[in-house]
Structures are given as C-alpha cells and as structure tokens.
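A.B. asks:
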Amino acid sequence: MKNLKQVYAALALAALASTAPVQAQEIIKLGISAPMSGAAAVWGLGMEWTAKQAAEKINLDGGVTVGGKKYNFAVVAYDNKYTAAEGTKVAQNLINRDKVKFIVGGIGTAPISALQSLSERSGVMIFISAWGKSVKGPQFPLTFTQSNTPFEILDPLYKYVLAQNPKAKTVAILNANDASGKEVELVAQKAWAAQGVKVLSSNWYERGTTQFQPVAAKLTEQKPDIIDLGVAPPADAGIVLKELGVLGWKGVKVLPVGTSATQLAQIGGAAANGTYMGYAGDYSSSLATPVQQILNQGMLAQFKEPLNPLQVSSYDSVYALKAAMEASNSIDPKKIAAVLPTLVFETSYGKTVFGSKAIYDSPQQMQVPVMITQVQDGKMVELTRIIPEELKARLAAAK
Amino acid sequence: MEIFGQLFINSLQISAAYILFSLGLTLIFGVMKVVNFAHGEFFGLVLLLIAILVPWLNSPSVPLVVAYGASGAVSILATMACGWFLYHFAFKKFQRDMVGSFVLSVGLSLLIQGLFLEFFGGVPIKLPDLIEGNLRILGGAITTQRLVLTLIALLVAVTMCWLIAATKLGKSLRAVSEDHEAAMLQGIPYRKTALYGFLIATFLAAIAGALLAPVTVISANVGSDFLIKGFIAIVIGGLGSIPGSIIGSILIAVIESVGGYYFDPSLATLAMFVITMLVLLVRPKGIMGNG
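Order-wise, the sequence lines are chains F and L.
In this text, residue positions in the first sequence follow the numbering used here: the first is 41, and each later residue adds one.
In this text, residue positions in the second sequence follow the numbering used here: the first is 25, and each later residue adds one.
#1: Give a single yes or no on whether residue 79 of chain F has its beta carbon closer than 7 Å to a heavy atom of the ligand NAD.
#2: For residue 171 of chain F, does the three-state DSSP call read helix, strand or coil?
#3: Taking only beta-carbon positions, decide if residue 82 of chain L is within less than 8 Å of chain F.
#4: What alpha helix (DSSP H) runs, 4 residues minimum, are completely inside the stretch 106-185 of chain F?
#5: Helix or strand or just coil, what does DSSP make of residue 216 of chain F?
#6: If I measure Cβ to Cβ from residue 309 of chain L and keep anything under 8 Å in the same chain, skipping five residues before and after, which residues do I get?
#7: Let me check understanding here. Comparing Cα to Cα, which of L:236, L:237, L:244 and L:274 lies closest to residue 254 of chain L?
#8: Compute the Euclidean distance between the alpha carbons of residue 133 of chain L and residue 123 of chain L, then round it to the nearest angstrom.
#9: According to DSSP, is residue 245 of chain L part of a helix, a strand, or is it coil?
#10: To the nearest angstrom, how far is the alpha carbon of residue 169 of chain F from that of residue 74 of chain L?
#11: Assuming residue 266 of chain F contacts residue 237 of chain F under a Cβ cut-off of 8 Å, what Cβ separation, rounded to an integer in Å, is found between them?
#12: With burial defined as no fewer than 16 other Cβ atoms inside 10 Å of the residue's Cβ, what is the status of residue 136 of chain F: buried or exposed?
#13: Looking at C-alpha atoms only, which residue of F:364, F:201, F:434 and F:351 is the closest neighbour of residue 73 of chain F?
#14: Hey, how far is the Cα of residue 437 of chain F from the Cα of residue 387 of chain F?
#15: Counting only beta-carbon separations shorter than 8 Å, does residue 429 of chain F have a partner in chain L?
#16: Taking beta-carbon pairs under 7 Å, can you tell me which members of the stretch 137-148 of chain L lie near chain F?
#17: Anyone know if the C-beta pair for residue 76 of chain F and residue 138 of chain F falls short of 8 Å?
#18: Kindly indicate which three-state DSSP category residue 317 of chain F falls into: helix, strand or coil?
#19: Which ranges would you report for the beta strand (DSSP E) in the stretch 232-291 of chain L if only whole runs of at least 3 residues count?
#20: Would you tell me roughly how many angstroms separate the C-alpha atoms of residue 79 of chain L and residue 95 of chain L, rounded to the nearest one?
#21: Check whether the stretch 243-262 of chain F touches the stretch 200-216 of chain F, counting contact only when three or more Cβ pairs, one atom from each stretch, lie closer than 8 Å.
#22: CB-CB under 8 Å to residue 49 of chain F, same chain, minus the five flanking residues each way: which ones, in chain order?
#23: Run the CB neighbour count on residue 63 of chain L, radius 10 Å, all protein chains shown included, and call it buried at 16 or more, exposed below.
#24: So with CB distances below 8 Å, who are the chain L contacts of residue 240 of chain F?
#25: Just to confirm the assignment, what range does the alpha helix (DSSP H) spanning residue 329 of chain F have?
#26: Where does residue 343 of chain F fall in DSSP's three states?
#27: Using the Cα positions of residue 90 of chain F and residue 335 of chain F, report the straight-line distance between them to the nearest angstrom.
#28: Check the Cβ of residue 16 of chain L against every Cβ in chain F and list those closer than 7 Å, keeping chain order.
#29: If we define contact as Cβ-Cβ less than 8 Å, is residue 289 of chain L a contact residue for chain F?
#30: In the DSSP assignment, the alpha helix (DSSP H) including residue 140 of chain L goes from what residue to what residue?
#31: From residue 163 of chain L to residue 32 of chain L, what does the alpha carbon distance come to, in whole angstroms?
#32: Cβ closer than 9 Å: which chain F residues qualify as neighbours of residue 265 of chain L?
#33: How about residue 130 of chain F and residue 151 of chain F: do their beta carbons lie closer than 8 Å?
#34: Taking just the CA atoms, how far does residue 105 of chain F sit from residue 53 of chain F?
#35: Compare the beta carbon distance of residue 134 of chain F and residue 84 of chain F with 8 Å and say whether it is the shorter of the two.
#36: Starting from residue 249 of chain L, find everything on chain C with Cβ-Cβ shorter than 9 Å and list it in chain order.
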C-alpha cells in the first residue's frame with residue numbers, strides 16, 4: 041500500500057512536470073502493429089495505450105541516454121486487423137513511410153510474419169506477441185517475443201486443469217483458421233496427448249465469423265469432456281461459450297489465450313463461468329506490482345477492461361529497449377539486439393531476462409510468469425502463478 | 025433426429041439474418057444497377073447507435089425493452105437520413121454506372137468504417153439479452169430471443185415480398201428493375217422510384233441491424249462481415265432478384281450450418297465460394313436470373 045502511494049505521488053509529480061517546457065530532444069519512433077478493430081480490438085488498443093504510458097514515463101524521467109545524447113520515445117500504432125494483408129500494409133507504413141526502427145508491439149502470427157519479412161531485411165528490431173514458433177530463431181536475429189506463448193503456457197495450464205478435473209479424458213479443440221491457430225493447434229495436440237487426454241476433434245473457424253451455432257454443434261458432436269478454444273479472442277470465445285450453453289453442454293472449458301473475464305463474461309454470460317485461462321492475470325491483486333496496479337486502473341478507466349499480459353507486454357518491451365539502448369550505447373538495432381539477451385532489465389513484473397534458447401535455438405523469449413486464472417461468477421480469479429525456472433536461475437546468478 | 029432438428033434450427037436463424045441483409049443489396053442493384061459495397065455500413069451504423077443508446081437510456085425507470093425500442097427507432101431513422109444523404113450527394117450521380125458506383129461504394133465503405141472506428145472505437149460491444157431463456161424445437165435448442173427475432177425477420181421478409189409483388193410501389197420497382205427506359209415511357213418516375221428503392225434497402229439493412237442488436241457482438245466493422253455473405257447470397261440467387269436473394273440466403277445458411285457440422289466451418293465457407301463459382305459458370309445470371 042505504501043509502495044502504491046509512492047507510485048501515485050511519483051505519477052502526480054510526473055504529471056505536474058509534464059506542464060513544464062519540454063527540452064528539445066531527438067525523437068525515436070516506436071511502432072505497433074496490432075488489431076485495433078474487430079474481435080481482438082481491445083488487445084491492440086490496450087497494447088498501444090501501455091506503450092504510450094511507458095514512453096511518456098521514460099520521456100518525463102529524462103528520456104533515453106545514448107552516447108551522452110538524450111532521446112525521447114514517440115509511439116506510432118496501426119491496425120493490422122489480424123490479417124496478413126493488413127499486416128503487410130502496416131509494415132510498409134511503419135518501416136518505409138514512418139521510418140520506424142523499433143517496433144515494440146505486434147499481435148498475430150500472420151500479420152507479424154508479413155511485418156517480419158520486411159523488418160529483418162530493413163534492419164528493424166521488433167518485439168512481438170505472436171504465438172507462432174516460426175517467427176523466432178537464429179534466422180530472425182532482430183525479433184524478440186515479449187510475452188508468453190503456447191510453448192510456455194500450455195503444459196502448465198493443461199496440467200493444472202487436469203489436476204482440478206481428474207475425470208476429464210477427452211477434448212475437442214477449436215482454433216481460428218490462420219497462422220496463429222495452425223501453429224498453436226499442433227502444440228495443443230501434443231500437450232493434451234502428453235497429459236493422456238484423447239483429442240476427439242480439431243476444428244477451425246474463420247476470423248470474422250458472425251454465426252457460431254454450427255461451430256458449437258460441431259464441437260459438442262462427440263461429447264468431449266473438455267473444449268479447448270485455442271487462440272479464439274475473447275469476443276469470439278464468448279459467443280462460442282454462449283452457444284455451447286444453449287446446446288446444454290456442461291464440460292470443462294479452456295481458453296489458453298483468454299486474457300480477461302470481462303468481455304468473455306459480458307458476451308458469454310453464465311456460460312463463461314468456469315473457463316480456465318492461461319493468458320490473464322489479476323493485476324489489481326497484491327500479486328501485481330504497483331506499476332501494474334496503476335496500469336490496470338488506467339485500462340479500466342480507458343477501456344472498461346482490466347489489464348492483460350498481452351497489453352502490458354508493450355510496456356515491458358519499451359523498458360527492455362531503453363535498457364538495451366543504454367547498455368549498448370547505441371541506437372543501431374543490430375547492436376541493441378546483440379546486447380539484449382545478456383541483460384537483466386526492469387519490467388512491470390520486476391527484473392527479468394530474455395531466454396528459452398532450448399526451445400527456440402536463440403534466447404528471444406522474455407521470461408515472465410505464467411498466470412492461470414478462472415472465470416468465477418463473471419469475474420476473473422487468479423488460481424496460481426508460475427515463475428519460469430530459467431528466470432529464477434538467471435536472477436540468482438545475477439545476484 | 026435431434027441433430028437434424030438442431031441443424032434445421034441453426035439454418036433457420038442464420039438464414040433470417042442473411043435474408044434481411046441481402047434483400048436490401050439486391051433491391052439497390054435491381055433498381056439502380058449499383059453494387060453497393062457500403063450497404064454493410066448502414067447495418068453497422070444502426071448497431072453502433074443502438075450500442076450507445078441502450079446503455080444510456082436503460083435505467084431503473086426505463087426498462088430494457090423500452091430502451092431497445094426507443095434506441096432502435098432513433099437509430100433506424102438516423103440511418104435512413106444517412107441513406108437519403110448518400111443517395112442525393114453520391115449514388116444518384118452514379119446510377120446504372122457499374123464501374124463508377126463500384127469505386128464510389130468501396131470508397132464510401134472504407135471512409136465510413138474509418139469514421140466508425142474514430143467515433144465508436146474498435147472495442148466489440150455486447151448488449152444485454154432482451155429475452156432470457158432457451159427453447160427446444162424439433163429436438164434442437166435455440167434461445168427464445170433468437171427465435172423471436174428470427175420470426176420477426178421472416179415476417180419482415182414476407183412483408184417485403186408482398187410489397188414488391190402486390191403494391192403500386194413494388195410494381196414500379198420491378199418495372200424499373202426490368203427496363204427503366206420502358207418504365208419511364210409508361211409514366212413511372214424513375215428517379216423517385218430509385219430513391220424509394222434505395223431508402224427501402226437502407227431500411228432493410230437498418231431493420232436487420234436493429235433485430236440483431238441483442239444477439240450479435242457489435243464492432244466498427246460488423247457490416248463488412250455480413251456483406252460478404254450477403255453478396256454470395258445475391259450472386260447465387262441472381263443479382264436484382266428478390267426471390268433469388270431469399271433462396272441464396274437460405275442456401276448459404278444451410279451450407280454454413282450443415283457443412284459446418286458434417287465437415288468443418290472453414291470448409292463450409294470454402295464450399296460457398298465454390299458453389300458461387302459453379303453457379304456463375306453454369307448459370308451466370310444466378311438461380312432466379314436478374315430482376
């Protein structure tokens with residue numbers, strides 16, 4: 041509580057300072073390519089908002105110091121509509137028109153793959169939340185993932201769900217028919233099989249679908265114990281859950297990419313209760329840091345949605361970028377990218393590192409906790425928080 | 025047996041939404057020979073206005089049903105006014121000009137979607153249910169709300185068919201649709217008829233939006249999601265044909281429902297495009313022909 045008051049006081053001072061004349065400093069543009077309309081809009085809009093909060097705070101604290109020179113951050117965000125076609129347009133706008141050298145937020149494997157094909161060639165460093173494994177590796181030295189992906193989430197999530205529901209033996213999976221869905225489905229199949237759960241069917245839907253009754257009928261066809269809604273964003277997942285409720289299906293509901301209960305419960309109603317999520321956190325609780333609590337309040341005020349890991353990830357990547365710029369004493373993306381995996385840096389979660397070389401052959405994954413939550417009475421309840429072993433070891437070594 | 029009932033119920037409720045949407049599209053094409061890619065924006069405007077007005081009006085002293093009714097009426101009127109404005113300052117100048125109207129309507133669609141995003145934001149909104157509870161019919165499950173809305177939608181479609189088939193205005197619309205010059209020689213005022221046709225189409229899009237408001241997730245680009253299915257329906261049924269748009273809508277609803285169940289929802293979508301291509305190859309004017 042005391043810490044929270046200190047942060048409020050600091051922010052109040054910062055707000056006062058913002059009225060003072062701003063020192064003339066060079067601007068470094070930070071790009072964002074994320075869905076800002078449609079079912080996943082709240083992810084992209086929130087990501088833009090948190091990146092702007094980080095940029096403003098850094099600017100107010102004096103900016104980024106490189107080679108004795110001060111730089112300020114400015115965020116430029118575009119709607120990629122979760123599609124490869126729009127992702128290509130956004131990439132062109134950011135890299136060729138706006139001359140952005142650092143992209144601090146990206147959502148969607150398909151639009152991010154489109155962005156990446158240009159960014160790596162153009163020497164642009166990108167921080168992304170795309171779930172596909174194919175976007176990382178030594179062949180993409182300028183790409184970093186700033187939040188957990190299925191490779192970090194699914195195993196602990198499924199283990200937890202099965203521990204709570206030991207009688208569940210079968211699952212039906214639903215995913216969006218795009219690059220994110222295709223990659224996650226493969227990981228999910230293996231992860232369920234590894235836990236001894238039989239995958240009865242794996243189903244697909246197109247993003248932009250408005251009528252989910254046939255999808256729900258198909259999912260319940262073989263009477264699965266569990267339905268895994270894969271990468272469906274909250275708005276789509278909410279409708280599917282509602283339709284499952286209409287059909288009278290009462291099983292275990294899992295939404296690995298579930299980022300908050302608000303939209304899910306608003307759309308899915310009572311049918312959303314009981315849904316396990318692997319990509320949400322209760323940032324209002326005492327488990328959250330003071331910075332996260334303030335960001336959470338800001339998100340609620342701005343979007344009527346609590347903060348989620350996807351949105352906060354761009355805040356963290358702005359700070360990771362600042363740390364790497366100052367450590368490398370350069371604004372050259374290649375030099376910054378080379379230094380970043382060696383650093384311990386501050387984020388909204390506290391100190392963290394980039395790692396997971398064992399999975400991706402390159403340390404490009406930001407190490408943040410896996411938070412398992414559940415929708416209970418229309419509200420999200422955090423059930424457990426798992427700190428990655430690699431992070432524990434690196435922080436211990438750094439001490 | 026139960027699954028057949030469910031597939032029938034699913035097809036019925038999906039086709040009701042598509043019928044209302046595609047009727048307007050086909051009417052505009054029939055009367056004005058305009059392929060209106062901005063049609064979805066009329067549908068979207070109603071939904072977005074209702075999404076703002078219902079929470080604003082709904083209070084302990086204003087029941088939800090009243091809030092929905094008042095919001096629906098205001099939103100439909102506002103959309104009709106918007107349709108009138110667009111007709112007078114844009115579409116009137118591109119009647120019977122397929123290329124010009126195509127460029128105009130695509131441009132308008134993008135412009136309006138941008139304005140929607142600016143004014144309404146991109147966050148999807150779900151309004152509260154108007155009627156609670158589920159029903160079982162022929163072994164299939166449906167929410168009471170969906171059933172009521174489906175029946176109203178079908179009633180609107182039947183009324184529309186009657187209007188086209190039996191009224192003086194309907195006969196004028198059909199005459200203009202078949203041969204506008206011959207219709208004018210018979211004393212039918214073409215411009216006035218075209219305006220009425222455009223406004224009726226706007227009204228149908230607005231009614232579809234108002235009816236779907238309690239059951240759909242509302243976002244700035246919701247209109248374009250329906251537009252694709254609406255176009256598939258009228259291409260299959262026959263551009264400009266009212267019965268054709270109904271047949272086309274039912275067909276794609278059945279493909280979506282039955283194909284989605286027995287094969288895959290994505291394959292069902294693919295099947296719609298394949299059938300559209302086959303229809304265009306075998307019967308380029310659609311099942312019922314043009315007009």
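Cβ coordinates follow ideal geometry from the N, Cα and C atoms, glycine included.
It should be emphasised that the depicted structure is a prediction, and the values quoted were computed from it without experimental measurement.
C.D. replies: Quick answer:
#1: Of ligands this structure carries none, so the ligand NAD is not represented either.
#2: It is coil, neither helix nor strand.
#3: Output row for residue 82 of chain L: interface = no.
#4: Runs found: 124-131 and 149-162.
#5: For residue 216 of chain F, the secondary structure class from DSSP, reduced to helix, strand or coil, is strand.
#6: Excluding five sequence positions before and after residue 309 of chain L, the CB atoms of its chain that fall closer than 8 Å to its own CB belong to 262 and 263, given in chain order.
#7: For residue 254 of chain L, the nearest C-alpha among the options comes from L:274.
#8: Rounded to the nearest whole angstrom, the C-alpha separation of residue 133 of chain L and residue 123 of chain L is 15 Å.
#9: In the three-state reduction of the DSSP assignment, residue 245 of chain L falls in the coil class.
#10: Between residue 169 of chain F and residue 74 of chain L, the C-alpha separation is close to 34 Å.
#11: Between residue 237 of chain F and residue 266 of chain F the Cβ distance is about 7 Å, and since that is below 8 Å, they are a contact.
#12: With fewer than 16 other Cβ atoms within 10 Å, it is exposed.
#13: Across the set F:364, F:201, F:434 and F:351, the C-alpha of F:351 shows the shortest separation from the C-alpha of residue 73 of chain F.
#14: Taking the straight line from one Cα to the other gives about 18 Å.
#15: Chain L, which has no Cβ nearer than 8 Å to the Cβ of residue 429 of chain F, makes this no.
#16: Taking 7 Å as the Cβ-Cβ cut-off, the stretch 137-148 of chain L approaches chain F at 141, 146, 147 and 148, given in chain order.
#17: No, they are not a contact pair.
#18: Here residue 317 of chain F sits in strand by DSSP.
#19: Counting whole runs of 3 or more residues, the stretch 232-291 of chain L contains no beta strand (DSSP E) stretch at all.
#20: Going from the Cα of residue 79 of chain L to the Cα of residue 95 of chain L covers about 10 Å.
#21: Two segments are said to touch when three or more pairs of C-beta atoms, one from each, lie closer than 8 Å; by this definition the stretch 243-262 of chain F touches the stretch 200-216 of chain F.
#22: At residue 49 of chain F, the pLDDT of 47 sits below 50, so the modelled position is not reliable; the number obtained from the coordinates is stated separately. The beta carbon of residue 49 of chain F sits closer than 8 Å to no other beta carbon from its chain once the five residues preceding and following it are set aside.
#23: By the 16-neighbour rule on beta-carbons within 10 angstroms, residue 63 of chain L is buried.
#24: What residue 240 of chain F touches in chain L: nothing, since even the nearest Cβ is about 14 Å away.
#25: First-last for residue 329 of chain F: undefined, no H or E at that position.
#26: Note: residue 343 of chain F maps to helix in three-state DSSP.
#27: Their Cα atoms are separated by approximately 7 Å.
#28: Limits of chain L in this structure are 25 at one end and 315 at the other, which puts residue 16 of chain L out of reach.
#29: Flagged as an interface residue toward chain F: residue 289 of chain L, by a C-beta distance shorter than 8 Å.
#30: Looking at the DSSP string, the run of the alpha helix (DSSP H) that includes residue 140 of chain L is 122-144.
#31: Cα to Cα, the separation comes out at about 10 Å.
#32: Near residue 265 of chain L there are no residues of chain F at all, since even the closest Cβ is about 24 Å away, more than 9 Å.
#33: Contact check for residue 130 of chain F against residue 151 of chain F passes: the beta carbons are separated by less than 8 Å.
#34: Legend: pLDDT at residue 53 of chain F = 43, less than 50; position of this residue unreliable, no value from coordinates given.
#35: One thing to note: residue 134 of chain F has its Cβ no nearer than 8 Å to the Cβ of residue 84 of chain F.
#36: In the displayed structure, chain C is absent; the protein chains listed are F and L.
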